[in-house]
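Presented below is the structure to which this report refers.
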Amino acid sequence: MKGDRVEVVVDVGDGTRTFEIVASKAGRRVETATVRGVVEVTEVTRTGTPVRTARFMATRVVAIVEHPLDGDDEPEERAARSRRVAAGQEGLGLEV
Numbered sequence: 000m001k002g003d004r005v006e007v008v009v010d011v012g013d014g015t016r017t018f019e020i021v022a023s024k025a026g027r028r029v030e031t032a033t034v035r036g037v038v039e040v041t042e043v044t045r046t047g048t049p050v051r052t053a054r055f056m057a058t059r060v061v062a063i064v065e066h067p068l069d070g071d072d073e074p075e076e077r078a079a080r081s082r083r084v085a086a087g088q089e090g091l092g093l094e095v
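Residue 0 is where the sequence shown starts when you use numbering that gives the first Met the number 0, and the numbers rise one by one after that.
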């Protein structure tokens with residue numbers, strides 16, 4: 000979601016440098032993956048299409064700090080709200 004961001008702290012030899020990757024538009028999110036010795040931070044659209052990617056050597060990464068978008072609701076409240084049944088619609092009798 001817009002506002003999600005990831006900070007990556009990298010050892011650059013004589014100190015550390017911090018890189019910040021931010022979901023820049025509504026509906027975008029930031030995903031983090033470690034593959035074959037490379038830390039990859041990608042901003043993706045709702046459909047999963049990569050918009051931009053930052054890659055770092057895993058041996059040089061000191062820290063990865065994820066800052067999810069702060070919501071007003073608790074995650075359980077958001078999940079419960081999304082499961083509401085519309086008026087006049089009956090459930091299938093399946094319990095979660």
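Idealized CB from N, CA, C, for every residue including glycine.
Enclosing beta strand (DSSP E) for residue i [first to last residue]
{"i": "A57", "result": "No beta strand (DSSP E) holds A57; DSSP gives it neither H nor E."}
{"i": "T15", "result": "T15 to V21"}
{"i": "D10", "result": "R4 to D10"}
Coil, strand or helix - residue i by DSSP
{"i": "T33", "result": "strand"}
{"i": "A62", "result": "strand"}
{"i": "R28", "result": "strand"}
{"i": "T48", "result": "coil"}
Same chain, Cβ closer than 6 Å to residue i, five either side skipped, listed in chain order
{"i": "V8", "result": "T15, T17, V61 and A62"}
{"i": "I20", "result": "V5, V29, V40 and A53"}
Own chain residues within Cβ distance below 8 Å of residue i, not counting five before or after
{"i": "V37", "result": "R54, F55, M56 and A57"}
Neighbourhood of residue i by C-beta, 7 Å cutoff - its chain only, sequence neighbours within 5 removed
{"i": "V43", "result": "R27, R28, E30, P49 and V50"}
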